[in-house]
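One structure is given here, and the rest of the page talks about it.
Residue numbers (the working numbering): 115 to 379.
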């Protein structure tokens with residue numbers, strides 16, 4: 115943080131989870147007024163609209179989504195415009211399709227499926243119909259920014275990220291939405307295990323410093339409310355453990371959100 119205040123940095127580029135950690139630290143130290151940040155470019159891991167709002171509020175910036183793949187060209191395959199309503203794909207370099215991840219069938223515009231790219235300008239290592247494993251939708255509806263390139267909506271998750279727990283499809287982003295809507299930070303971990311023939315799932319989430327300083331509910335009451343919210347979202351009961359601030363390990367790279375101990379494959 116010191117280098118950002120010293121250099122007067124106006125743009126922050128990192129993973130959204132690291133930006134959330136920075137925002138937490140900035141507000142803890144009362145440094146928000148010393149920052150010159152105007153915008154942030156965040157990618158490399160899934161994040162929700164709730165997390166976007168959290169980052170924008172904590173850092174006082176506009177948070178933009180960027181998408182890329184090492185196999186294709188790295189960052190910049192697509193990027194959000196000022197409307198923040200989907201990422202415009204660089205169609206002069208890539209052909210994008212959405213397919214059914216099970217059958218490979220090309221799906222109509224607007225349907226959720228797996229994103230596939232074909233390189234049309236890359237040399238030496240071009241890729242044909244490369245399966246990204248990212249699940250999203252494409253839209254060719256006119257964007258008010260004036261750009262005409264197709265937009266990809268924020269990925270819902272990955273076809274190989276999805277967990278099947280107790281016969282139910284579960285995405286970490288669904289759990290994150292519940293936690294952020296109830297006022298928690300994006301510091302959580304999902305632990306999936308199997309006891310006998312039964313799946314178990316536990317969500318560990320940190321209290322915010324404000325919750326500790328000004329307690330309005332007991333830990334048991336908070337856990338009960340989260341359990342109820344997750345049951346409504348997922349349709350299954352999830353065990354919840356509320357822990358103290360900073361109890362969950364931070365990461366400067368991609369956050370480790372899921373620990374699956376079932377050894378299914």
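Glycine is no exception: its CB is placed at the ideal position from the N, C-alpha and C atoms.
Keep in mind it's a predicted model, so treat the numbers as computed, not measured.
Practice prompt. For the beta strand (DSSP E) containing residue 192, list its first residue and its last residue.
Written response: Per DSSP, residue 192 belongs to the beta strand (DSSP E) from 188-194.
Discussion item. Going by beta-carbon coordinates alone, are residue 261 and residue 207 separated by less than 7 Å?
Written reply: Result no, Cβ atoms of residue 261 and residue 207 do not sit closer than 7 Å.
Worksheet item: Beta carbon of residue 122, beta carbon of residue 150: below 7 Å?
Response: yes
Worksheet item: How would you call residue 377, buried or exposed, if buried means at least 16 neighbouring beta carbons within 10 angstroms?
Response: With fewer than 16 other Cβ atoms within 10 Å, it is exposed.
Practice prompt. Output the distance between the C-alpha atoms of residue 181 and residue 157, rounded to the nearest integer angstrom.
Written response: 6 Å
Worksheet item: How is the beta strand (DSSP E) around residue 303 delimited, first residue to last?
Response: 302-309
Worksheet item: What separation, rounded to the nearest whole angstrom, lies between the Cα atoms of residue 341 and residue 373?
Response: 19 Å
Worksheet item: Looking only at C-alpha atoms, which of 224, 209, 230 sits nearest to residue 218?
Response: 230
Worksheet item: Cα separation between residue 168 and residue 299?
Response: 8 Å
Worksheet item: Among 233, 226, 239, 265, which residue has its Cα nearest to the Cα of residue 247?
Response: Cα-wise, what sits closest to residue 247 is 226.
Item to complete: Below 8 Å CB to CB, which residues in the same chain sit around residue 117 once its five sequence neighbours on both sides are set aside?
Response: 123
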